[in-house]
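Q: Residue numbers (full-length UniProt numbering): 1 to 100. Next up is a structure, given as structure tokens.
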């Protein structure tokens, strides 16, 4: 049994040394600093409106940048729609054939 323990310790000795080496005091501050800095960067990327102020526009204001809508809006062009309907009516043959 001792022979196997010695082989195991030899093969996996690096785990004891390197696995928790970042928890040592000089590296701990650096590791925690990197963790918090990366957390802040990810939070800023995911939720920029929490940090950057939102612009509020009033009627008649000119937007400084492009503004994208959160969802689609249906805007019907009634003149063009009626034009296409009329063209479709004209394409239909005037004779209707009824099979009994």
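Yeah, the Cβ is synthetic: ideal placement off N, Cα and C, and Gly gets one too.
Which one of 90, 88 and 55 has the shortest CA to CA distance from residue 68?
A: Ranking the options by Cα distance to residue 68, first place goes to 55.
Q: Locate the alpha helix (DSSP H) running through residue 39, then write down its first and last residues.
A: Where residue 39 is concerned, the enclosing alpha helix (DSSP H) stretches over 25-46.
Q: By Cβ distance below 6 angstroms, which residues in the same chain neighbour residue 80 in space, the five residues on each side in sequence not counted?
A: None.
Q: Between residue 63 and the rest of its own chain, which residues show a CB-CB distance below 7 angstroms, the 5 nearest in sequence each way excluded?
A: 57, listed in sequence order.
Q: Near residue 34, which residues of its chain fall below 8 angstroms by C-beta distance, leaving aside the five closest residues on each side in sequence?
A: Nothing meets the Cβ criterion.
Q: Could you check the C-alpha separation between residue 31 and residue 71 for me, to the nearest Å?
A: Residue 31 and residue 71: Cα-Cα distance of roughly 41 angstroms.
Q: Looking at the unbroken alpha helix (DSSP H) that takes in residue 63, where does it start and where does it end?
A: Where residue 63 is concerned, there is no enclosing alpha helix (DSSP H), given that its DSSP letter is neither H nor E.
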